[in-house]
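Participant: Let me begin by handing over the structure; questions about it come next.
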Amino acid sequence: MGIKYHYVDSPLFKLECTAKVCERHFIQLFKKKVADMGVTQGEFCVMDTIVRTPEISQIELARLLLKGRAHITQMLNSLEEKGLIKRVNETKNGRQVRMTSLTDNGTMIYNSICDVLDKNFENMTKFFDGKEKELISYLEEIKEIITEGEKITFG
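Take the sequence shown: its position 84, counted from the start at 1, is 1032 in our numbering, and no numbers get skipped.
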């Protein structure tokens, strides 16, 4: 009895391969064009998420970036030591919450990195023909279905 469906022909395998290529590209781009700014690729992702979602908790940050809480704590500590973020304790709904935001220097470096990345991504996304949002929506849906259905956790 032969195999009806090979894993290497499946959409999941193609997504996995594409994700690896994209990650490798992003890491190489960072090493070539952003390394002198003193921020790692992971730290930039944290900064970008903080800018996108200013009142995000550390737990939610870890969930969104598919990292463990300890890893997120290390990156936040590193960014704070570099003077790129500030964290302050606030009370929200009767609970202590640690709020994180970029410092002025963090904002300047973040914007400089975005300028570099925007130029690169502009060239890469031309072939999407305006359908980036649709693709992102599909990818998010696939991620959620797999994460929830298989009870996958990170850290």
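C-beta atoms are modelled at their ideal positions from N, C-alpha and C, and glycine is treated no differently.
Are at least three pairs of beta-carbons, each pair with one atom in the segment 1045-1057 and one in the segment 1029-1036, less than 8 Å apart?
Facilitator: Counting Cβ pairs under 8 Å, three or more are found: they touch.
Participant: Whether or not the segment 985-992 and the segment 1053-1068 are in contact is what I'm after, with contact meaning three or more pairs of Cβ atoms, one per stretch, closer than 8 Å; do they touch?
Facilitator: Yes: the two stretches touch, three or more of their Cβ pairs being nearer than 8 Å.
Participant: If you run the structure through DSSP and keep just helix, strand and coil, what is Leu963?
Facilitator: Three-state result, Leu963: helix.
Participant: Please look up how many angstroms separate the CB atoms of Cys993 and Leu1013, rounded, as I've assumed it's under 8 Å.
Facilitator: That belief holds up - the Cβ atoms of Cys993 and Leu1013 are roughly 6 Å apart, short of 8 Å.
Participant: For Asn1053, which residues from the same chain have a beta carbon less than 8 Å from its beta carbon, with the 5 sequence-adjacent residues on both sides left out?
Facilitator: The answer, listed in chain order, is Gly1031 and Leu1032.
Participant: Could you check the C-alpha separation between Phe961 and Cys1062 for me, to the nearest Å?
Facilitator: Cα-Cα distance, rounded: 30 Å.
Participant: Among Glu1003, Asn1025, Ile1007 and Val1064, whose alpha-carbon lies nearest the alpha-carbon of Lys1040?
Facilitator: Taking only the C-alpha atoms, the option nearest Lys1040 is Glu1003.
Participant: Are there any heavy atoms of the ligand FMN lying less than 8 Å away from the beta-carbon of Ile1093, as far as the coordinates show?
Facilitator: No copy of the ligand FMN occurs in the structure displayed, which carries no ligand at all.
Participant: I need the boundaries of the alpha helix (DSSP H) containing Glu1029, first residue and last residue.
Facilitator: Arg1017 to Glu1029 is the span of the alpha helix (DSSP H), which, as asked, contains Glu1029.
Participant: Which residue from His954, Lys968 and Phe974 puts its Cα closest to that of Leu1065?
Facilitator: Ranking His954, Lys968 and Phe974 by Cα distance to Leu1065 puts Phe974 first.
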